[in-house]
Each structure stands twice: as structure tokens, then as C-alpha cells.
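Residue numbers (my numbering): -2 to 190.
C-beta: ideal position from N, C-alpha, C; glycine also.
Note that the coordinates shown come from a computational prediction; the quantities given were computed from them, not determined experimentally.
In what follows, a structure is listed as C-alpha cells, so that the remarks can point back to it.
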């Protein structure tokens, strides 16, 4: 088991989609279930779901070893989900932040990213495709205070920009694995793949 806290962020307002994208049917199940199911099969020791949506929290409650955290202030952006997740975690080697809108995510990719992080746990692990940063990102526990100081909807990008010397990139060959669903066009395009 990896002593990593996976914070699954499922509180977004889906502004570009126009409705809650996480609850949309995508192939055989709702979008959010793909990420939760992948994490449930992974070797991560602590799993925290931060969500504003009862459907997601209820589903996570039925999975093994998931802690659920209600986000009643999702209008404050990603920073609120980050702080709720970090504040509800135990001491760990790192924090993985995984958005819940990535229906092609697999448990094996999650495990691969964790294994890569363990090559140097003082560094931030950033997956990328064609030199473009993606998620899920793992921050070392030593950056806990920085994570708690994030504000607004920028997530951990500012921490990454401020710490270029401690970033390690893991290049992902298959771009589909890191594909998120943000717009109606994304949904239509990827639903039939």
C-alpha cells in the first residue's frame, strides 16, 4: 500500500457544461463512478472524497476505505476542496489530487503515478502528455501548509510554478487516460470511444 492520501475532488459547479457533469451517464455508469471505482482498486491507503453532491457521497460511502467530506462552500473554488481534503487526512507521504471528471482513469495508472512519486518523495509528481501538465498531481507532505494557503479556483498550479526545482514529470503515453470531461463537446466526443 502507498501511504498517500488521494483527495478526490467532486465539488465543481460544471459551469462550462451547464449542468452537473459528474452525474451524467457515460457509457454504462455516471462519470464520477469511473474515478471512484479506479481509486477503490488502487493501492492508495487513504481515500477522501470531497463533494457537494449527496449522490457522489452516498456512492463513496458504499465503497471500502473511503472517507467522505461534504463541501458546503463549493462556490469558493478548488481551494475549498483542497483544504477540506488536506484537513481531513492523516499524516502521509503525499497528497494526490484527482478530479472526478476523468472517466478513462485506471487503477493501474494511479498506482504507476504513486510508484513514480516514491522515487523521490520530496518532489511534486506531475503527469503530463506532450509536455502539457495534467492531473492527478502528487504533492509531498512537506507542502501541506502551502496547500492550505491556496485560495480561489487555481488549485495547486501556483505551488507548481513556485517550485520548479522540485517537480518531477511522469510522461503518460496514452492521452485518453488523462482526458477530462469539461464541455458538452467533450462529452459527445468521448462518450462513444
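Which listed residue (the options) has its alpha carbon closest to that of residue i
i	options	result
residue 169	-2, 136, 77, 129	129
residue 132	160, 161, 78, 166	166
residue 162	117, 99, 79, 181	117
residue 19	123, 189, 183	183
residue 111	27, 21, 28, 42	42
residue 190	101, 181, 124	101
residue 149	59, 157, 47, 71	71
residue 5	124, 92, 87, 52	92
Through-space distance from residue j to residue i, alpha-carbon basis
i	j	result
residue -2	residue 40	5 Å
residue 37	residue 62	8 Å
residue 89	residue 155	22 Å
residue 172	residue 139	30 Å
residue 137	residue 45	17 Å
residue 25	residue 186	16 Å
residue 35	residue 159	31 Å
residue 200	residue 141	Limits of the chain in this structure are -2 at one end and 190 at the other, which puts residue 200 out of reach.
residue 23	residue 188	6 Å
residue 81	residue 108	24 Å
residue 17	residue 181	11 Å
residue 75	residue 151	7 Å
residue 164	residue 115	13 Å
residue 58	residue 87	19 Å
residue 60	residue 21	20 Å
residue 124	residue 47	22 Å
residue 52	residue 157	32 Å
Residue j beta carbon less than 7 Å from that of residue i
i	j	result
residue 120	residue 32	no
residue 65	residue 73	no
residue 68	residue 8	yes
residue 99	residue 179	no
residue 106	residue 3	no
residue 113	residue 103	no
residue 28	residue 79	no
For residue i, the residue or residues it bridges with in DSSP
i	result
residue 95	5
residue 66	47
residue 25	Answer is none; residue 25 lacks a bridge partner.
residue 166	123
residue 137	91
residue 130	125
For residue j and residue i, believed in contact at Cβ under 8 Å, the rounded distance
i	j	result
residue 135	residue 1	7 Å
residue 83	residue 144	5 Å
residue 50	residue 30	Not confirmed; about 12 Å, so no contact.
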